[in-house]
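Have a look at the structure below, then the notes.
This is how it looks when you write it as structure tokens:
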């Protein structure tokens with residue numbers, strides 16, 4: 001599929017011809033998507049359409065069978081989560097990927113601990129940093145010494161989000177960030193997405209809520225059975241058009257790239 | 001964000017009661033409570049023979065071997081694995097060290113028996129062998145993804161019988177005299193050495209407490225009231241110095257002293273006494289406990305061990321090399337088994353085939369009684385050591401009141417199951 005990128009220069013992220021199969025089943029089959037700085041692209045589709053697998057190839061959780069990833073036009077070699085982090089790709093997983101037995105600060109800095117000159121982990125410093133970022137994202141958050149297992153869904157989500165935000169993500173993958181949240185917290189996430197977007201991050205948003213996609217995303221790439229149905233500019237299509245793509249795999253008449 | 005607002009936004013911690021203010025771990029308190037009850041009950045039952053300096057000394061040196069391995073077992077169980085091979089691995093390391101000091105070094109290298117180089121070389125060889133075998137287990141588990149239960153069950157058969165093969169089934173002894181000093185009663189610090197150690201340990205603990213408070217204040221975090229801080233400091237100092245005082249109250253029997261003087265060709269002065277003090281083996285345990293606690297709480301390795309135990313997938317997604325981590329954990333256990341083998345064989349003064357038999361179960365029980373959760377992610381080093389101490393006290397106490405060995409094991413088994421049940425109830429209540 002030709003990508004229409006001529007008008008906006010080099011995309012921040014480009015995934016070309018990505019493939020991944022599990023035991024003969026093509027979970028992701030020749031999918032290409034792109035993402036610009038300051039843009040939110042929705043990645044939509046039924047359960048099992050291959051959205052999460054595609055995102056996990058970008059975040060380094062799954063090695064890809066074939067395909068290329070370009071960041072700012074240069075090919076990126078992402079074979080594990082550490083590589084992805086080196087390219088400032090941060091992921092908020094649907095499961096949140098938190099170690100339930102550790103507190104907020106330990107989770108925020110997991111794998112990237114701040115250490116003292118002696119090489120020991122600096123818990124006080126990490127807690128101080130966590131308090132700062134939480135103050136910005138979720139000022140009500142006060143339980144810094146509780147294992148995250150004891151936190152509410154929204155509080156756990158704030159920990160997962162703060163982890164992505166703290167480390168200056170350039171590309172942010174959000175896998176159903178509001179699935180487990182109440183109305184107020186969902187609004188908080190929506191505000192955050194707008195704020196990050198205005199800071200120039202590129203955000204890939206997996207979501208099932210079409211209203212939310214219409215409200216938050218600039219474009220949407222729809223997948224079905226591992227294949228890309230198409231990418232549309234959200235403003236130029238109706239909700240029904242998007243639903244038609246998700247359910248029937250049918251491209252709308254206009255708004256397709 | 002201005003610094004000042006950060007600080008005013010800090011929560012005012014509510015302190016519900018006395019213990020809350022002291023910020024003492026209630027689980028630790030519970031274990032100490034159980035230990036005290038056991039001690040008092042047996043002391044009354046034996047008519048005051050349980051809490052004598054002599055028995056406390058013996059209890060301490062009997063606990064060391066299992067306690068050292070239990071600290072490593074904490075890491076294994078925290079990452080949702082198990083190690084059934086520690087007793088067998090101890091036997092192999094013990095066999096290697098016994099053969100090194102009695103046969104290989106004097107034979108192949110021509111070192112004279114009794115040479116001061118024998119003990120260090122033998123110990124080094126044992127530690128290397130233990131670490132290598134442990135790493136091999138870790139590689140099978142981490143990289144080949146064979147379940148730890150199976151790898152170490154196989155290891156139990158293999159290493160128990162490698163130990164048998166090394167010595168051709170024979171008991172090897174007596175071991176090198178320098179080596180024997182690490183077993184307990186044959187190597188102690190004596191009175192002044194023990195007091196110096198006690199004072200150093202007290203000073204170090206107070207420094208740590210003070211430092212922790214200063215660090216919290218520097219970041220503007222809430223701290224305990226000063227009186228609570230001082231209470232803790234007082235309890236810690238009293239515990240350390242009290243322990244030294246008890247071990248320093250155990251006098252070397254006069255007959256033994258007389259023998260030593262006679263051996264040196266001297267006359268023993270009238271009224272001469274000497275005390276044992278802190279055994280070197282206990283020093284080893286203290287060092288292991290310190291290092292392992294630092295590893296668990298203040299290093300990335302420890303953080304990754306607990307994170308992996310809490311959520312292996314999250315650990316992986318955070319870029320932690322989980323497979324390599326498994327190798328490291330089992331290498332640590334292998335090293336600790338070798339260290340335990342030094343203490344255990346030196347305490348016996350010889351190497352036998354059945355050394356460390358059933359230790360794997362004692363070690364697992366110690367870790368579990370000490371609050372390590374088999375579901376992973378939770379466990380403490382001090383808990384495992386206390387667990388080992390509780391088990392040893394039970395066993396020694398029952399032996400002293402004349403309970404026969406089979407009944408002792410029945411009681412220990414019941415206590416293990418009961419302790420875990422209490423822990424489950426405790427966790428449910430506190431929501432931890």
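Protein chains in written order, with the UniProt record's numbering: chain A, 1 to 257; chain B, 1 to 432. Glycine included, each C-beta is placed from N, C-alpha and C at the ideal position. A quick note: this is a predicted structure, and the numbers were derived from the prediction, not measured.
Coil, strand or helix - residue 320(B) by DSSP: coil
Any C-beta of chain B sitting closer than 7 Å to the C-beta of residue 24(A)? no
Under 7 Å Cβ to Cβ from residue 135(B), same chain only, skipping five residues before and after it: list those, please. 327, 330, 331, 334
Could you round the C-beta distance between residue 74(B) and residue 381(B) to whole angstroms and report it? I think they count as a contact, below 8 Å. Contact annotation, residue 74(B) with residue 381(B): C-beta distance approximately 6 Å; criterion of less than 8 Å satisfied.
So which residues on chain A does residue 317(B) lean against when the C-beta distance must stay under 8 Å? 59, 61, 81, 91, 93, 97
Where residue 211(A) falls: helix, strand or coil (DSSP): helix
Is there contact here, the region 140-152 of chain A with the region 109-123 of chain A, by at least three beta-carbon pairs under 8 Å? no
Do residue 126(A) and residue 105(A) count as a contact pair if the criterion is CB distance below 7 Å? yes
Shorter than 7 Å from the beta carbon of residue 314(B) to some beta carbon of chain A? yes
Excluding five sequence neighbours on each side, which residues of the same chain lie with their C-beta closer than 7 Å to the C-beta of residue 76(A)? These residues qualify, in order along the chain: 69, 70, 87.
Figure out for me which residue from 378(B), 404(B), 365(B) has the closest Cα to the Cα of residue 385(B). 365(B)
With a threshold of 6 Å on Cβ separation, who are the neighbours of residue 4(B) within its own chain once the five nearest residues in sequence on each side are excluded? With a pLDDT of 38 at residue 4(B), under the threshold of 50, the modelled position of this residue cannot be trusted, and the question is left open.
Range of the contiguous alpha helix (DSSP H) that encloses residue 144(A): Premise fails: residue 144(A) is in no alpha helix (DSSP H) and is neither H nor E.
Measuring CB atoms only, is the region 202-218 of chain A touching the region 34-54 of chain A, in the sense that at least three cross pairs come out at less than 8 Å? yes
Could you tell me whether any Cβ in chain A is nearer than 7 Å to the Cβ of residue 320(B)? yes
Determine contact between the region 208-226 of chain A and the region 43-62 of chain A, defined as no fewer than three beta-carbon pairs at a distance below 8 Å. Touching, per the Cβ criterion.
Buried or exposed (CB count within 10 angstroms, at least 16 for buried), residue 166(A): Buried, because 16 or more other Cβ atoms sit within 10 Å of the Cβ of residue 166(A).
DSSP three-state call for residue 395(B): helix, strand or coil? helix
In its own chain, which residues sit with a C-beta less than 8 Å from the C-beta of residue 395(B), not counting the 5 before and 5 after it? 408, 412, listed in sequence order.
Taking the continuous beta strand (DSSP E) assigned at residue 161(B), which residues delimit it? Per DSSP, residue 161(B) belongs to no beta strand (DSSP E); it is in the alpha helix (DSSP H), 148-166.
Helix, strand or coil: which one does DSSP assign to residue 138(A)? coil
Residues of the region 36-58 of chain A whose Cβ lies closer than 8 Å to any Cβ of chain B, in chain order: none
Under 7 Å between C-beta atoms, does residue 77(B) make it to chain A? Not one chain A Cβ lies under 7 Å of residue 77(B).
Residues of its chain near residue 279(B), where Cβ-Cβ distance is below 6 Å and the 5 sequence neighbours each way are ignored: 61, 184, 188
Per DSSP, what kind of secondary structure is residue 186(B) in: helix, strand or coil? coil
Please list the partners that residue 216(B) has in chain A, where partner means a Cβ-to-Cβ separation under 8 Å. 124
If you measure from the beta carbon of residue 72(A) to each beta carbon in chain B, is any gap under 7 Å? So, not an interface residue.
Candidates 62(A), 116(A), 101(A), 17(A), of which the one nearest residue 84(A) by Cα: Of all alpha-carbon atoms in 62(A), 116(A), 101(A), 17(A), the one lying nearest the alpha-carbon of residue 84(A) is that of 62(A).
Could you tell me whether any Cβ in chain B is nearer than 7 Å to the Cβ of residue 225(A)? no
Any beta carbon of chain A sitting closer than 7 Å to that of residue 377(B)? yes
Taking the Cβ atom as the reference point for each residue, do residue 224(B) and residue 23(B) lie within a distance shorter than 7 Å? In this structure, residue 224(B) places its C-beta atom within 7 Å of the C-beta atom of residue 23(B).
Listed in chain order, which residues of the region 96-116 of chain A have Cβ atoms closer than 7 Å to some Cβ of chain B? 97, 98, 99, 100, 101, 102, 106, 110, 111, 113
Answer yes or no: do residue 336(B) and residue 118(B) have a C-beta to C-beta separation smaller than 7 Å? Not a contact, by the Cβ cut-off of 7 Å.
Starting from residue 17(A), trace the alpha helix (DSSP H) in both directions and tell me its first and last residue. Where residue 17(A) is concerned, there is no enclosing alpha helix (DSSP H), although the beta strand (DSSP E) it sits in stretches over 13-22.
The ligand MN and residue 306(B): does any heavy atom of the ligand fall closer than 6 Å to the residue's C-beta? Looking at this structure, you won't find the ligand MN or any other ligand, since it has none at all.
Got a sec? Which residues, its chain only, sit under 6 Å from residue 241(A) by beta carbon, not counting five neighbours each side? 252
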